[in-house]
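In our numbering, the protein residues as written are 6 to 295. No residue lacks a Cβ here, since even glycine has one placed at the ideal position from N, Cα and C. See structure below.
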Amino acid sequence: MRIPVNEGVDELLKTLVGQFNPDDFYRRLATFVASHIDYDFFRVTIRPPHEPYLQVPFLTFGDRLVTGLPTMLAVNESLPGEALRSGGVVRRDRENVETRYGDEHILFSDVGLAVLLSIPLPSRGQLIGTLDVGFREVSSAGDATVAALREVATGVCMLVEHAWLLQEHWSLAKIEERHQVAREIHDTVVQSLISILLQLEIAQRRIRVDPAAARAELAKACEAARECLEDGRRLVLNLEPVSRGRASLVAVLRREIDELRHAGIEAEFLVRGAARPLDRADADAVGRLV
Numbered sequence: 006m007r008i009p010v011n012e013g014v015d016e017l018l019k020t021l022v023g024q025f026n027p028d029d030f031y032r033r034l035a036t037f038v039a040s041h042i043d044y045d046f047f048r049v050t051i052r053p054p055h056e057p058y059l060q061v062p063f064l065t066f067g068d069r070l071v072t073g074l075p076t077m078l079a080v081n082e083s084l085p086g087e088a089l090r091s092g093g094v095v096r097r098d099r100e101n102v103e104t105r106y107g108d109e110h111i112l113f114s115d116v117g118l119a120v121l122l123s124i125p126l127p128s129r130g131q132l133i134g135t136l137d138v139g140f141r142e143v144s145s146a147g148d149a150t151v152a153a154l155r156e157v158a159t160g161v162c163m164l165v166e167h168a169w170l171l172q173e174h175w176s177l178a179k180i181e182e183r184h185q186v187a188r189e190i191h192d193t194v195v196q197s198l199i200s201i202l203l204q205l206e207i208a209q210r211r212i213r214v215d216p217a218a219a220r221a222e223l224a225k226a227c228e229a230a231r232e233c234l235e236d237g238r239r240l241v242l243n244l245e246p247v248s249r250g251r252a253s254l255v256a257v258l259r260r261e262i263d264e265l266r267h268a269g270i271e272a273e274f275l276v277r278g279a280a281r282p283l284d285r286a287d288a289d290a291v292g293r294l295v
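So, in structure tokens, the structure goes:
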């Protein structure tokens, strides 16, 4: 069933609001494009600002698995790059071997495509990537198909850009989370291990001349080791997603508040209204913040 462009854009917009799922967005985008164009191959490319390459966040051959296609394409050595440089639709036929790029060889030879079309995605006066479609039959890539591709590209270009930006932000957030964990490990576990090592070295030096002092240092080292183990357990518990446990997010937050109170810190936790279950990723994010 052909989905009107405006209606399709509205539906795609919903996938960008709230908990963003890149795979779900691109699958819906592929389905939307398929309602306008009966393609055999579909690909989205994005060009990061000022970079000489294109990223490929999504491609599909339907149910067929094809390996060997790159996830990054050089702007100067790819069909999508040619479309960006020309500013218009670029068509490549299997019989035209003079300007064939590496990924085209796979698509024509291994997949059996006869025609490839690539159209730039314009957004706020810039070309931010391409929509690429391929066909096994030359007759499927006529003027009506090109017109439909132009209409779809114009409607979804900004959504594709926002989806890519959200995906990049999500990736950067994961990297920052890893850096934060690394800093916590350095500030707690690593520092404790250094202290334990120093205490053991002191005990080793004193064991013959002053056994009592050596035993005192060993006791300190044991206590530091227990504290280090507790710090390690705390870090692991903080990393464990809330969704993997049986406790709800509310129960986890109550437990954290109780621990603060036991430590002598004034804290209060209130739930107004009926508690509603959150999406798993949202619950994990809130749990880690606490």
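Q) Helix or strand or just coil, what does DSSP make of His41? A) Judged by DSSP in its simplified three-state form, His41 adopts coil rather than helix or strand.
Q: Since I believe Val49 is in contact with Phe63 (beta carbons under 8 Å), could you give me their beta-carbon distance rounded to a whole number of angstroms?
A: The Cβ separation is near 5 Å, so the contact holds.
Q. Taking the beta strand (DSSP E) that Ile124 falls in, what are its first and last residues?
A. Residue range Val120 to Ser128 is occupied by the beta strand (DSSP E) that includes Ile124.
Q | In chain order, each alpha helix (DSSP H) run of at least 4 residues that lies wholly inside the segment 128-210 | A | Look at the segment 128-210 and you find these whole runs of alpha helix (DSSP H), each 4 residues long or longer: 148-190.
Q.
Helix, strand or coil, according to DSSP, for Asp215 in the structure here?
A. Reduced to three states, the DSSP call for Asp215 is coil.
Q) Under three-state DSSP, which class holds Ala79? A) Looking at Ala79 - three-state DSSP - the assignment turns out to be strand.
Q: State the start and end residues of the unbroken beta strand (DSSP E) segment that holds Arg96.
A: Bounds of the beta strand (DSSP E) holding Arg96 are Val95 to Asp98.
(Q) I want to know whether the segment 187-200 touches the segment 39-55 - three or more CB-CB distances under 8 Å. (A) Judged by pairs of C-beta atoms under 8 Å, the segment 187-200 does not touch the segment 39-55, as fewer than three such pairs exist.
Q) According to DSSP, is Leu18 helix, strand or coil? A) Three-state result, Leu18: helix.
Q: With DSSP collapsed to three states, give me the class of Tyr106.
A: Correct three-state label for Tyr106: coil.
**Q.** 7 Å Cβ cutoff met for Ser123 and Val157
**A.** For Ser123 and Val157, no; Cβs fall outside 7 Å.
Q.
Using DSSP's beta-bridge definition, name the partner residues of Phe63.
A. Within the DSSP bridge table, the entry for Phe63 names Val49 as partners.
Q: May I have the straight-line CA-CA distance separating Ile42 from Arg129, to the nearest angstrom?
A: Distance from the CA atom of Ile42 to the CA atom of Arg129, rounded to whole angstroms, is 25 Å.
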